[in-house]
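Engineer:
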Amino acid sequence: MKIIWLGHGSFRIETGDKVLLIDPWLTGNPVLPEVAHDAAITGATHILLTHVHFDHVVDVLPLAKKLGLTVVGQYDLIGYWSETEEIKTIGFNKGGTVDLGGVKVSMVNATHSSTFATEDGPRAGGSECGYMIAAGGHMIYVSGDTDIMADMDWMGEYYQPDIGILCAGGHFTMDMRGAAFAAKKYFDFKTVIPCHYKSFPILEQSAETLIKSLPNVDVIEPEVMQAIEI
1 MKIIWLGHGS
11 FRIETGDKVL
21 LIDPWLTGNP
31 VLPEVAHDAA
41 ITGATHILLT
51 HVHFDHVVDV
61 LPLAKKLGLT
71 VVGQYDLIGY
81 WSETEEIKTI
91 GFNKGGTVDL
101 GGVKVSMVNA
111 THSSTFATED
121 GPRAGGSECG
131 YMIAAGGHMI
141 YVSGDTDIMA
151 DMDWMGEYYQ
161 PDIGILCAGG
171 HFTMDMRGAA
181 FAAKKYFDFK
191 TVIPCHYKSF
201 PILEQSAETL
211 IKSLPNVDVI
221 EPEVMQAIEI
């Protein structure tokens, strides 16, 4: 399995014959060079969307249409897109699990927001979520954008993820200290990969706090487009 950070909250996960793009943000991504865009999406089979803030959703429909990808996400939004956009979709909801040809994806709660701008003000686009991804003998928790929440207690016990891809930049989500607290209190990770940081000055720029707080966990500071092999 290869986990590749595309910057900010975006990832490419290669497992078996599946390539999952998590919240792929190419257009305007300040830390993903344009010359890397093609490599970031080549061979992709599915897009998993956690919510509709621009830095997570702006490229989802264009990529789905260009590459014929299946978009997987929260039912309210995906159901609407299945009727209004010419794309392949799998809509489900929190508590549900879908099988993407051997990769099982369960939707879990997150606490954030999921709106987009219109001329009449912000409008909701489904609701925010995270994912538990069972693949390659691992369970990966993709937190999406979230704060610490009590739901992490049962999520950690029930799904028992060994890999955590955790938002940790602060301001819009939990910060490094918060991510470390959640990891210690609710999970038993072997590997933690922080994200949603370094991309803007307002966000945390280093994972040092997370690393120091989790001495028994392999905390990997990802580098854009450099594969982490698990």
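The opening residue of the sequence shown carries number 1 in UniProt numbering; numbering runs sequentially from there.
The C-beta atom is built at its ideal place from N, Cα and C for all residues, glycine as well.
All figures in this text were calculated on a predicted structure; none of them were measured in a lab.
(1) Which class does GLU14 belong to by DSSP, given the choice of helix, strand or coil?
(2) Where are the alpha helix (DSSP H) runs, 4 residues long or more, that stay fully inside the stretch 96 to 125, in chain order?
(3) Can you tell me where the beta strand (DSSP E) with GLY73 in it begins and where it stops?
(4) Check this for me: beta carbons of MET139 and VAL108, under 7 Å apart or not?
(5) When DSSP builds the beta bridges, which residues end up paired with VAL57?
(6) Are there 16 or more other CB atoms within 10 angstroms of the CB of GLN226, so buried, or fewer, so exposed?
(7) Buried or exposed: where does HIS8 fall if 16 or more other Cβ atoms within 10 Å of its Cβ makes it buried?
(8) With three or more beta-carbon pairs closer than 8 Å as the criterion, would you say the stretch 215 to 229 touches the stretch 182 to 198?
(9) What are the complete beta strand (DSSP E) segments, minimum 3 residues, inside the stretch 147 to 224?
(10) Note down the Cα distance separating THR70 from HIS46, rounded to an integer number of angstroms.
(11) Report the three-state DSSP secondary structure of LEU32 (helix, strand or coil).
(12) Whose C-alpha, out of HIS171, ASP147, ALA183, is nearest the C-alpha of GLY156?
(13) Note the first and the last residue of the continuous beta strand (DSSP E) segment covering ALA134.
(14) From ALA134 to PHE172, what does the alpha carbon distance come to, in whole angstroms?
(15) Does DSSP classify GLY91 as helix, strand or coil?
(16) Are the CB atoms of GLY130 and ALA117 nearer to each other than 7 Å?
(17) Could you tell me which of ALA36, PRO201, HIS53, ASP38 sits nearest to ASP23, measuring between CA atoms?
(18) On the premise that TRP81 lies in contact with VAL58, defined as a C-beta separation below 8 Å, what is that separation, rounded to the nearest angstrom?
(19) Under 7 Å, do GLY78 and GLY91 count as touching if we go by C-beta distance?
Structural biologist: In brief:
(1) strand
(2) none
(3) 70 to 74
(4) no
(5) VAL57 is not bridged to any residue.
(6) exposed
(7) buried
(8) yes
(9) 163 to 167, 191 to 195
(10) 5 Å
(11) coil
(12) ALA183
(13) 129 to 135
(14) 27 Å
(15) In the structure shown, the three-state DSSP call for GLY91 is strand.
(16) no
(17) HIS53
(18) In fact, because the Cβ distance is near 14 Å, the residues do not count as touching under 8 Å.
(19) Inspection of the sequence shows that residue 78 is occupied by Ile rather than by Gly. Yes, they are a contact pair.
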